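S.K.:
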Amino acid sequence: MSRIAEPRPIDPDLPLVQAARNGNFDAFEKLVARYERQIYTLALRIVGRSQDAEEVVQETFLSVVQHIRDFQERSSFHTWLVRIATNHALKLLRKRKGQAAVSLDQPANDSDDAPLPHPEFIAEWADEPSRLALRREVQETVDRALAHLDEKYRVVFVLRDIQELSTEETARLLGISVANVKVRLLRARLMLREQLTRLYGDPQRRIVHRHDHDQ
Amino acid sequence: MKCEDLLKAMNEYVDGQMDLAVCKEFEQHLAGCNPCQVVVDNIRKTIRLYKDGQPYELPPEFCQRMRQALRDKWKQQFP
Chain H
2 MSRIAEPRPI DPDLPLVQAA RNGNFDAFEK LVARYERQIY TLALRIVGRS
52 QDAEEVVQET FLSVVQHIRD FQERSSFHTW LVRIATNHAL KLLRKRKGQA
102 AVSLDQPAND SDDAPLPHPE FIAEWADEPS RLALRREVQE TVDRALAHLD
152 EKYRVVFVLR DIQELSTEET ARLLGISVAN VKVRLLRARL MLREQLTRLY
202 GDPQRRIVHR HDHDQ
Chain D
520 MKCEDLLKAM NEYVDGQMDL AVCKEFEQHL AGCNPCQVVV DNIRKTIRLY
570 KDGQPYELPP EFCQRMRQAL RDKWKQQFP
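Which chain is which? The protein sequence lines are H and D, in order. The first sequence begins at 2 in the working numbering and counts up one residue at a time. The second sequence begins at 520 in the working numbering and counts up one residue at a time.
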């Protein structure tokens, strides 16, 4: 049995990244092919419009070309890529808001300190997520639900639950506190649960929750 | 533990980041509260549904344009 110290998790992209860093364009193109759909989907979920999402994807990979020699492997390549893409997406959103004639006010009760949304529609789902996920119309429906969330909840959910960044990485990337990330993620999950359960919960097994119940 | 407290601690439980003592209290509540059990299950399934989704396809014309832009930029960076 080996006595070498526990190695850090190996970044599966490292061989291609290292080749690209040495000027191998083929290797870089392979990285693009590996991640472009994922980055496009991430961008689309943040910015909402496909043309804008395309711009984010292109800017992201242009940035990678520009900075690949600076990539120091302190994080995985995937995390670095997600960071770049998220920054471009948020910059685009800021630019879009700046151009809006009327500022986009947040709804009055939409603050991190407001009470948590209480589950109203509670029911077992009629089908398993793995089966639901195969259906194109389900994909579109769940992404519509995501698009309805306020940006600050949507972005945290996308980074934490879909891109699987850690709480700390998410906080750093967005320039908010760890506590903010946690609260926003909770609110996002509860709001999405509510919407999706209304769609995919079995109405015949709906539970009417008594709010005075406690133990 | 009341249902309201459970809601606040939901993330830690679902993410498996709860300390043992609180986890026990949480599970004790769940054992006697079907609505809360279902809410926890709903949240797990909600997250799973997004994770299992397929990424969207990029329009082929865009891919071609982007490849060209990347090639041009590459030549600048790696002359």
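C-beta: ideal position from N, C-alpha, C; glycine also. The model shown is predicted, which means the values in this text are computed figures rather than measured ones.
1. Cβ closer than 7 Å: which chain H residues qualify as neighbours of lysine 543 of chain D?
2. Short of 6 Å in beta carbon distance, which residues of its chain neighbour histidine 89 of chain H, apart from the five on each side in sequence? Order them along the chain.
3. Is the CB-CB distance between glutamine 39 of chain H and proline 578 of chain D below 8 Å?
4. So, for aspartate 17 of chain H: in the same chain, excluding its five sequence neighbours on each side, which residues have a beta-carbon less than 6 Å away from its beta-carbon?
5. Starting from glutamine 596 of chain D, find everything on chain H with Cβ-Cβ shorter than 7 Å and list it in chain order.
6. Taking C-beta pairs closer than 8 Å, name the residues in chain H that methionine 537 of chain D reaches, listed in chain order.
7. Taking a cut of 9 Å between CB atoms, which residues from the region 566 to 588 of chain D lie near chain H?
8. How would you list, in chain order, the residues of chain D whose beta-carbon sits under 8 Å from the beta-carbon of glycine 24 of chain H?
9. Nearest-angstrom Cα distance between serine 51 of chain H and threonine 142 of chain H?
10. Using C-beta distances below 7 Å, list every residue in its chain close to glutamate 37 of chain H, excluding the 5 sequence neighbours before and after it, in chain order.
11. Going along chain D, which residues have a C-beta under 9 Å from tryptophan 81 of chain H?
12. Does the Cβ-Cβ distance between valine 559 of chain D and tyrosine 532 of chain D come in under 8 Å?
13. Whose C-alpha, out of D:Asn553, D:Ile562, D:Glu546, is nearest the C-alpha of glutamate 195 of chain H?
14. Considering Cα atoms alone, identify which of H:Glu129, H:Ala172, H:Gln19, H:Leu191 is closest to glutamine 73 of chain H.
15. Would you decide whether aspartate 203 of chain H is buried or exposed? Buried here means 16 or more other CB atoms lie within 10 Å of its CB.
16. Are the C-beta of aspartate 162 of chain H and some C-beta of chain D separated by less than 8 Å?
17. Which class does glycine 202 of chain H belong to by DSSP, given the choice of helix, strand or coil?
18. Pull up the distance between the alpha-carbon of lysine 592 of chain D and that of aspartate 534 of chain D, whole angstroms please.
19. So arginine 173 of chain H is in the alpha helix (DSSP H); what residue range does that whole segment cover?
20. Whose C-alpha, out of H:Asp12, H:Phe158, H:Tyr154, is nearest the C-alpha of leucine 82 of chain H?
21. Taking the CB atoms as reference points, tell me whether lysine 564 of chain D and proline 130 of chain H lie closer together than 8 Å.
22. For the alpha helix (DSSP H) holding histidine 68 of chain H, just list the boundary residues, first then last.
23. Quick one: what does DSSP say isoleucine 123 of chain H is sitting in, helix, strand or coil?
24. According to DSSP, isoleucine 208 of chain H sits in a beta bridge with which residue or residues?
25. With distances taken between CB atoms, is the gap from arginine 188 of chain H to leucine 117 of chain H smaller than 8 Å?
26. Using a Cβ cut-off of 7 Å, pull out every chain D residue sitting near threonine 42 of chain H, in sequence order please.
27. Grab me the residues of asparagine 110 of chain H's own chain with a C-beta within less than 6 Å of its C-beta, minus the 5 sequence neighbours each way, in chain order.
M.R.: Let's see:
1. Residues of chain H with a Cβ closer than 7 Å to the Cβ of lysine 543 of chain D do not exist; the shortest Cβ-Cβ separation is about 13 Å.
2. Taking histidine 89 of chain H as the centre and dropping the five residues before and after it, the same chain places the C-beta of Val57, Glu60, Thr61 closer than 6 Å to its C-beta, in chain order.
3. Remark: C-beta atoms of glutamine 39 of chain H and proline 578 of chain D do not approach each other more closely than 8 Å.
4. The residue asked about is misnamed: residue 17 of chain H is leucine in this sequence, not aspartate. Exclusion of the five residues before and after leucine 17 of chain H leaves Ala28, Lys31, Leu32 as the residues of its chain whose Cβ lies within less than 6 Å of its Cβ.
5. Correct list: Val66, Gln67.
6. Within 8 Å Cβ-Cβ: nothing; methionine 537 of chain D doesn't reach chain H, min ~13 Å.
7. Answer in chain order: Ile566, Arg567, Leu568, Tyr569, Lys570, Asp571, Gly572, Gln573, Pro574, Tyr575, Glu576, Leu577, Pro578, Phe581, Cys582, Arg584, Met585, Arg586, Ala588.
8. Neighbours of glycine 24 of chain H on chain D, chain order: Phe597.
9. Cα-Cα distance, rounded: 16 Å.
10. Here the set comprises Val58.
11. Ordered by position in chain D, no residue passes the 9 Å Cβ test against tryptophan 81 of chain H, which lies about 17 Å from the chain.
12. Their beta carbons are under 8 Å apart, which means valine 559 of chain D touches tyrosine 532 of chain D by this criterion.
13. Among D:Asn553, D:Ile562, D:Glu546, the Cα nearest to that of glutamate 195 of chain H is on D:Ile562.
14. Closest in C-alpha terms to glutamine 73 of chain H, from the list H:Glu129, H:Ala172, H:Gln19, H:Leu191, comes H:Gln19.
15. Aspartate 203 of chain H is exposed by the Cβ-count criterion.
16. At least one CB of chain D lies nearer than 8 Å to the CB of aspartate 162 of chain H.
17. In this structure, glycine 202 of chain H counts as strand in the three-state DSSP scheme.
18. For the pair lysine 592 of chain D and aspartate 534 of chain D, the Cα-to-Cα distance works out to about 41 Å.
19. That run of the alpha helix (DSSP H) goes 168 to 175.
20. Between leucine 82 of chain H and the set H:Asp12, H:Phe158, H:Tyr154, the nearest pair of CA atoms involves H:Asp12.
21. Result yes, Cβ atoms of lysine 564 of chain D and proline 130 of chain H sit closer than 8 Å.
22. First-last of the alpha helix (DSSP H) with histidine 68 of chain H: 51 to 68.
23. Strand at isoleucine 123 of chain H.
24. Secondary-structure assignment with DSSP links isoleucine 208 of chain H through a beta bridge to H:Ile123.
25. Yes, Cβ-Cβ distance for arginine 188 of chain H and leucine 117 of chain H is below 8 Å.
26. Here the neighbours are Pro574, Tyr575.
27. Confidence is the limiting factor: at asparagine 110 of chain H the pLDDT is only 43, short of 50, which leaves the residue's position unreliable and the question unanswerable from this model.
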